[in-house]
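Report on the structure given below.
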Amino acid sequence: MRFTAGRARHARRPVCHFSQGDRPPFLPTAPPEGGRSADPQPIGVTVVKVYALIPKRPDITDEFFHQHWISPHGEMACGMAPLQGYIQAHRIAPGVAGLTDSIYEGIATVWFVDEAAAGSMGEDPTYANHVGPDEKNFIDLERLAFLFTNEHVQREEHAITKDEPGTKVMLLLRRAAGLAPADFAAQVAGVDLAGAVPGAHRVSVAVATASMYADGAEPVFDAIVELEFSTAADCDSAWSGAGSTVLGALDGAIDASASAGFLSDELRLLWPVKS
Numbered sequence: 034m035r036f037t038a039g040r041a042r043h044a045r046r047p048v049c050h051f052s053q054g055d056r057p058p059f060l061p062t063a064p065p066e067g068g069r070s071a072d073p074q075p076i077g078v079t080v081v082k083v084y085a086l087i088p089k090r091p092d093i094t095d096e097f098f099h100q101h102w103i104s105p106h107g108e109m110a111c112g113m114a115p116l117q118g119y120i121q122a123h124r125i126a127p128g129v130a131g132l133t134d135s136i137y138e139g140i141a142t143v144w145f146v147d148e149a150a151a152g153s154m155g156e157d158p159t160y161a162n163h164v165g166p167d168e169k170n171f172i173d174l175e176r177l178a179f180l181f182t183n184e185h186v187q188r189e190e191h192a193i194t195k196d197e198p199g200t201k202v203m204l205l206l207r208r209a210a211g212l213a214p215a216d217f218a219a220q221v222a223g224v225d226l227a228g229a230v231p232g233a234h235r236v237s238v239a240v241a242t243a244s245m246y247a248d249g250a251e252p253v254f255d256a257i258v259e260l261e262f263s264t265a266a267d268c269d270s271a272w273s274g275a276g277s278t279v280l281g282a283l284d285g286a287i288d289a290s291a292s293a294g295f296l297s298d299e300l301r302l303l304w305p306v307k308s
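For our numbering, count along the sequence shown from 1 and bump the result up by 33.
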């Protein structure tokens with residue numbers, strides 16, 4: 034697995050572009066068969082959450098990227114034994130108002146029992162023989178990046194089911210210059226994001242693990258905030274009213290110019306996460 038940073042491009046636009054109840058045309062109305070039951074269950078505290086930040090190849094269309102990522106790629110990835118859970122977040126243009134739009138067309142979220150299991154994913158036969166070789170068909174591998182995190186949930190109103198619709202705002206945060214990773218993590222964890230965005234039914238902060246800074250390394254981002262809404266309309270309303278408050282509360286901890294926004298519709302392929 035490689036950890037490669039990429040630069041974000043500037044874009045300030047409204048939050049959501051599709052109407053309430055719509056799903057982007059590349060997403061099925063329900064996840065492909067073969068994933069786990071839709072019955073909710075809690076995420077175990079020992080599970081590490083890993084983000085794969087995925088830019089598309091410049092020579093393919095957005096539609097091809099999303100369709101290929103779902104099938105065959107996503108279906109093949111479901112056969113990887115180490116995965117405890119797997120979600121695809123498909124980008125919805127035009128992004129998150131107040132932050133630069135990210136360079137990524139998709140963000141995969143995968144869960145492993147620990148960092149050792151995550152780091153050895155490449156040894157899994159399904160990955161080595163099928164999933165890995167397929168990446169070059171739709172991913173710009175030079176800009177592909179990974180982030181190992183520990184997640185802190187500030188609000189979870191209900192357990193999300195496998196085929197539950199919704200819209201997610203993801204804030205890809207880079208810490209302010211001169212701020213140590215541990216101090217950044219403490220500051221971000223201390224921000225009452227749930228209180229600032231009452232319309233989000235799930236609010237979480239995933240902070241980079243210490244291993245991401247080993248031997249002087251720097252991850253592409255230091256934390257990812259996730260705000261989940263039931264509908265695009267809820268997302269629009271909440272972020273329009275609270276977005277500036279959220280970013281203002283984070284202002285002392287983040288480098289806004291190096292941070293980015295990502296607005297997505299989720300496809301839950303292996304869900305719920307094994308506890």
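All C-beta atoms, glycine included, are put in the ideal place defined by N, C-alpha and C. Because the structure is a prediction, the values reported are computed rather than measured.
Cutoff 6 Å; reference residue i; Cβ partners in own chain excluding five residues on either side
i    : result
D95  : none
V258 : L204 and V238
D267 : G232
P75  : For P75, the predicted structure reports a pLDDT of 40, less than 50, and the residue's modelled location is therefore unreliable. A value from the coordinates is still provided. Within the same chain, P75 has close Cβ partners S308.
Buried versus exposed call for residue i [16 or more other C-beta atoms within 10 Å across all chains shown]
i    : result
L174 : exposed
T242 : buried
P88  : buried
D225 : exposed
E138 : buried
D216 : exposed
E156 : exposed
P305 : buried
T182 : buried
H106 : buried
K82  : buried
P252 : buried
Which listed residue (the options) has its alpha carbon closest to that of residue i
i    : options                   : result
A265 : P127, L212, P88 and G249  : P127
P231 : A215, E189 and P166       : E189
E108 : V81, D284, T159 and I87   : T159
S263 : R235, L280, F254 and S244 : R235
E299 : H123, F97 and H106        : H123
A85  : I140, Y246 and V253       : I140
T142 : D284, I125, C111 and N162 : C111
Close-in-space but distant-in-sequence residues of the same chain around residue i (CB under 7 Å, 5 per side omitted)
i   : result
P91 : D173
Complete runs of the beta strand (DSSP E) confined to the region 151 to 202 [at least 3 residues]: Segments of the beta strand (DSSP E) lying fully in the region 151 to 202: 178 to 189.
The region 89 to 108 / the region 195 to 209 touching (three or more Cβ pairs under 8 Å): The answer is no - the region 195 to 209 does not touch the region 89 to 108, with fewer than three Cβ pairs under 8 Å.
Three or more C-beta pairs below 8 Å linking the region 287 to 300 and the region 125 to 140: Between the region 287 to 300 and the region 125 to 140, the count of Cβ pairs shorter than 8 Å is three or higher; the stretches touch.
Length-filtered (3 minimum) beta strand (DSSP E) runs lying within the region 106 to 140: Runs of the beta strand (DSSP E) inside the region 106 to 140: 118 to 124.
Given 8 Å, three or more beta-carbon pairs between the region 138 to 152 and the region 214 to 221: Contact between the region 138 to 152 and the region 214 to 221 is absent, with fewer than three C-beta pairs closer than 8 Å.
Within the region 238 to 296, ranges of the beta strand (DSSP E) (whole runs, at least 3 residues): The DSSP assignment places 256 to 262 as complete runs of the beta strand (DSSP E) inside the region 238 to 296, in order along the chain (cut-off: 3 residues).
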